[in-house]
């Protein structure tokens, strides 16, 4: 029920089992599953619990294998924290490695004709990752408390998980995380936007793979995506749309490019009065 690192800290320092917390620099991860509600229709609660337990076995394993703290399960998702309860400088790197380890595990059976429910969940997992300062400690009451992390970085991580639905991606990280991992991870900037419930805009990135595991020549087209993104931000929606359209078609078939193509077309039909390159999401 508790992470081994947390158990050891409590044994060594019993005073930790008190109300309150400490400021920690951490990376927070939220997960969810595409179309879980549709999948669950007609399934018995017992079957769903069995499927989720099989699914969480491997997803939780990826978190724990990379020194993450499983904070809580949230129905068909989870919240994990890297860098708590033991502070460590590589929290962002560990979170990204955990996310990519799970994605690689999922893609092993991407071509399987008949997927088990758990494998279907793995292939359709969305992850949102964000880094920042949180308060980690015992929250609740003297009669019932839990070790958790609270703060704005937690909220943004949860929002980023949902932003995957907009771009049809699987792993989105914030700029604060990207700054900590950019030298070892292949990422591409997706957008500069305001997520629902936040007034400050944030740059978001798709986490693709560890740099030492890819042939960069295979991803040369990402430069074209970056060029189109610059045109889009400058208000040249016509030229941006032309590039996004090309990238959205085979052989590349890039789904974020299709999202941006549709947005460019919408902005061409309804030109903004004061365009600053920042898009505001109205959905979670």
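In the numbering used here, the protein residues as written are 137 to 420.
Backbone N, C-alpha and C fix where the C-beta goes; we use that ideal spot for every residue, glycine too.
Every value quoted in this text rests on a predicted model; they were computed, and no experiment measured them.
Residue 255 and residue 409 have their C-alpha atoms spaced approximately 46 Å apart. Sequence-distant Cβ neighbours of residue 367 in its own chain, meaning closer than 6 Å and more than five residues away, are 375, 376. Taking a contact to require three or more Cβ pairs closer than 8 Å, the segment 399–408 and the segment 339–348 do not qualify as touching. Linking residue 200 to residue 277 through their CA atoms gives a straight-line distance of about 27 Å.
Apart from the 5 residues on each side of it in sequence, residue 391 sits with its Cβ closer than 6 Å to the Cβ of 304 in its chain, given in chain order. Annotation: the continuous beta strand (DSSP E) that includes residue 166 extends over 156–169. For residue 360, same chain residues with a beta-carbon under 8 Å away, outside a window of 5 residues either side, are 379, 382, 383 in chain order.
In the DSSP secondary-structure assignment, residue 346 is bridged to 321. With contacts defined as CB atoms closer than 9 Å, residue 163 and residue 228 qualify as a contacting pair. A Cβ-Cβ separation of about 5 Å places residue 285 in contact with residue 217 under the 8 Å criterion.
Taking 4 residues as the shortest admissible run, the segment 221–255 contains the following complete alpha helix (DSSP H) segments, listed from N- to C-terminal end: 227–243. A distance of 9 Å or more separates the beta carbons of residue 222 and residue 265. The beta carbons of residue 395 and residue 302 sit closer together than 9 Å.
For a cut-off of 8 Å, the C-beta gap from residue 159 to residue 269 is around 6 Å, short enough to register as a contact.
Residue ranges of uninterrupted alpha helix (DSSP H) with 4 or more members, entirely inside the segment 346–376 and ordered along the chain, are 358–369. A Cβ-Cβ separation of about 5 Å places residue 257 in contact with residue 169 under the 8 Å criterion. Taking each of 365, 211, 167 in turn and checking the Cα distance to residue 292, the smallest one comes out for 167. Assignment of beta-bridge partners to residue 282 by DSSP yields 275.
With a beta-carbon spacing of about 6 Å, residue 388 and residue 357 fall inside the 8 Å limit used to define contacts.
At least 9 Å separates the beta-carbon of residue 288 from that of residue 320. Taking 9 Å as the cut-off, the beta carbon of residue 155 is found no closer than this to the beta carbon of residue 333. Residue environment for residue 418: exposed (fewer than 16 other C-beta atoms within 10 angstroms of its C-beta). Between the alpha carbons of residue 369 and residue 326 lies a gap of roughly 12 Å. Counting only residues of its own chain and dropping the five nearest sequence neighbours on each side, residue 207 has a CB closer than 7 Å to the CB of 215, 216, 217, 284, 285. Beta-bridge partners assigned by DSSP to residue 327: 340. Within the DSSP bridge table, the entry for residue 217 names 164, 205 as partners.
Taking all protein chains in view, the Cβ of residue 243 is surrounded by fewer than 16 other Cβ atoms within 10 Å, so the residue is classified as exposed. Each of 220, 373, 175 was checked against the Cα of residue 142, and the nearest Cα belongs to 220. In terms of Cα proximity to residue 343, the closest of 282, 233, 205, 330 is 233. The straight-line gap separating the alpha-carbon atoms of residue 192 and residue 184 is approximately 12 Å.
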